[in-house]
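For the sequence shown, my numbering begins at 618 and goes up steadily by one. This report refers to the structure that appears directly beneath it.
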Amino acid sequence: MSIKKIFLIFLLLLIFPFDKAEALAKYNLPELSQIDAIKSNASVDELIDSIPAEGNLNDPNLLLVNPSNPINNQIEVDLVTSIEGIPYAANIEEKLSQLLQAGLEDGYLFTIISGYRSTNQQAGLESSRKQSLMAVGYSESEARYLTNLYTAPANATEHMTGLAIDILGQDWTSIGGGLTENYSETASAQWLVENAANFGFILRYPQNKTEMTTFNFEPWHYRYVGQLNAQFMMEHGLTLEEYLALIEERDRRKKIEKVKQAAENQAVDEAKRWLEEQKKTIDKLFYNSSTD
Ligand SMILES: [Zn+2]
């Protein structure tokens, strides 16, 4: 084996593990076979071909926080406060007020119940819910399991991003309704499902997707992701986890395409060089034969 070949193999070994690690580093995402566009029945290939251009793994509005992708340090969030005194990320202020205004125009008055929560606040919430379940007789592990069906561990709630809000309509709160699944039957909850995406918000923990999100159905929990992203997810019936897996796959395919193209270009260059060489040889032969 030539020194050149050994060097090349060494170089490949050096590049590939890093390349793979880089590709896997961003998120822990579902397999493509788990992706299910429950509303459109579109295939993975069809979905990948129609991902909006703004779909980008590094978009801060698409930041994924869930039990498989916890964030242990506090996220720096620029906050504003709603009229109810609830803090949330300043960058969604305009879209959120447009959503609330559109609701009002259609006859629905909404109340924001919860927004940004620091890791410490979430840990306090988690522990108090667990304690109250243990107080009525559940074991520690049962209480933790039941709590985490609705309350994420402190490092796995997207409320820490300031991009998630819990929201209820007055048609529900006025009859004493709280954060329960029955809220989904009200007209205001249905209005949110139909309209939130136009303002960049998705129903983050839908019914029929509880295995994918690992959260129970939460008809009150909406998450800002940007308008085109939100419309794509809501149109197809996809969760943020599935959407990000599709974007990752699109990027992987693009990368492969690029490498293939580069290899093809190189092959073409080499073929051209080879032809040049042949031409020279033939010219030389011809020249030689004609002058001899
Ligand atoms: Zn929530």
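All C-beta atoms in this analysis are idealised placements derived from N, C-alpha and C, irrespective of residue type, glycine included.
Residue i, enclosing beta strand (DSSP E) - first and last residue
{"i": "isoleucine 703", "result": "From DSSP, isoleucine 703 is part of no beta strand (DSSP E); its letter is neither H nor E."}
{"i": "glycine 720", "result": "Premise fails: glycine 720 lies in the alpha helix (DSSP H), 710 to 722, not in any beta strand (DSSP E)."}
{"i": "alanine 781", "result": "781 to 786"}
{"i": "arginine 821", "result": "First-last for arginine 821: undefined, no H or E at that position."}
Cα-Cα separation, residue i to residue j
{"i": "lysine 643", "j": "lysine 872", "result": "16 Å"}
{"i": "glutamate 639", "j": "aspartate 868", "result": "Confidence at glutamate 639 is low in this model, with a pLDDT of 49, below 50, so its placement is unreliable and the value that follows should be read with caution. For glutamate 639 and aspartate 868, the distance between alpha carbons rounds to 12 Å."}
{"i": "aspartate 783", "j": "valine 694", "result": "18 Å"}
{"i": "isoleucine 899", "j": "leucine 892", "result": "10 Å"}
{"i": "leucine 641", "j": "leucine 863", "result": "Only weak support is given to the placement of leucine 641: the predicted model assigns it a pLDDT of 49, under 50, and the value that follows is read from those uncertain coordinates. Computed Cα separation, rounded: 14 Å."}
{"i": "tryptophan 808", "j": "glycine 724", "result": "10 Å"}
{"i": "leucine 903", "j": "lysine 875", "result": "Here the sequence assigns phenylalanine to residue 903, which means leucine is not the residue at that position. For phenylalanine 903 and lysine 875, the distance between alpha carbons rounds to 41 Å."}
{"i": "glutamine 787", "j": "proline 836", "result": "14 Å"}
{"i": "tyrosine 839", "j": "leucine 680", "result": "14 Å"}
{"i": "glutamate 881", "j": "glycine 854", "result": "39 Å"}
{"i": "glutamate 775", "j": "alanine 760", "result": "22 Å"}
{"i": "glycine 843", "j": "isoleucine 692", "result": "19 Å"}
{"i": "serine 758", "j": "glutamine 848", "result": "39 Å"}
{"i": "alanine 752", "j": "isoleucine 665", "result": "49 Å"}
{"i": "arginine 734", "j": "lysine 712", "result": "20 Å"}
{"i": "alanine 654", "j": "valine 810", "result": "16 Å"}
{"i": "asparagine 815", "j": "asparagine 737", "result": "33 Å"}
{"i": "phenylalanine 727", "j": "glutamine 878", "result": "52 Å"}
{"i": "glutamate 701", "j": "serine 756", "result": "36 Å"}
{"i": "serine 667", "j": "alanine 806", "result": "28 Å"}
Nearest-angstrom Cβ-Cβ length linking residue i and residue j, presumed shorter than 8 Å
{"i": "glycine 732", "j": "isoleucine 688", "result": "Incorrect: roughly 17 Å between the Cβ atoms, too far for contact."}
{"i": "leucine 716", "j": "phenylalanine 818", "result": "6 Å"}
{"i": "isoleucine 729", "j": "leucine 796", "result": "That belief does not hold up - the Cβ atoms of isoleucine 729 and leucine 796 are roughly 12 Å apart, past 8 Å."}
{"i": "tyrosine 705", "j": "serine 714", "result": "Contact doesn't hold; Cβ gap of about 11 Å is too wide."}
{"i": "asparagine 833", "j": "tyrosine 767", "result": "6 Å"}
{"i": "leucine 780", "j": "asparagine 678", "result": "7 Å"}
Contacts around residue i, its chain only, beta-carbon distance under 7 Å, and the 5 residues preceding and following it disregarded
{"i": "glutamate 894", "result": "none"}
{"i": "leucine 912", "result": "Residue 912 lies beyond the stretch modelled for the chain, which goes from 618 to 909, so this question has no answer here."}
Start-to-end residues for the alpha helix (DSSP H) that takes in residue i
{"i": "phenylalanine 849", "result": "844 to 853"}
{"i": "tyrosine 767", "result": "757 to 767"}
{"i": "arginine 746", "result": "736 to 752"}
{"i": "serine 805", "result": "804 to 812"}
{"i": "isoleucine 665", "result": "661 to 666"}
{"i": "threonine 827", "result": "827 to 830"}
Same chain, Cβ closer than 6 Å to residue i, five either side skipped, listed in chain order
{"i": "valine 697", "result": "Ala707 and Glu710"}
{"i": "serine 745", "result": "none"}
{"i": "asparagine 645", "result": "Ser685 and Asn686"}
{"i": "methionine 850", "result": "Ile819 and Tyr860"}
{"i": "tryptophan 789", "result": "Tyr800 and Thr803"}
{"i": "isoleucine 792", "result": "none"}
C-beta atoms of residue i and residue j nearer than 8 Å
{"i": "methionine 800", "j": "leucine 785", "result": "According to the sequence displayed, residue 800 carries tyrosine and not methionine. A contact, by the Cβ cut-off of 8 Å."}
{"i": "threonine 830", "j": "tyrosine 841", "result": "no"}
{"i": "methionine 777", "j": "glutamine 748", "result": "no"}
{"i": "tyrosine 669", "j": "glutamate 858", "result": "Correcting the residue type first, residue 669 is proline in the shown sequence and not tyrosine. No. Outside cutoff."}
{"i": "alanine 804", "j": "valine 682", "result": "no"}
{"i": "leucine 845", "j": "leucine 674", "result": "no"}
{"i": "proline 770", "j": "glutamate 743", "result": "yes"}
{"i": "alanine 659", "j": "asparagine 812", "result": "no"}
{"i": "glutamate 657", "j": "glutamate 852", "result": "Contrary to the premise, residue 657 reads as serine rather than glutamate in this sequence. Going by C-beta atoms, serine 657 is nearer than 8 Å to glutamate 852."}
Residues near residue i in its chain [Cβ-Cβ closer than 8 Å; skip 5 each side]
{"i": "alanine 661", "result": "Strictly speaking, residue 661 in this sequence is valine, with alanine absent from that position. Hits under 8 Å: Leu649, Ile652, Leu863 and Glu866."}
{"i": "arginine 870", "result": "Ile665"}
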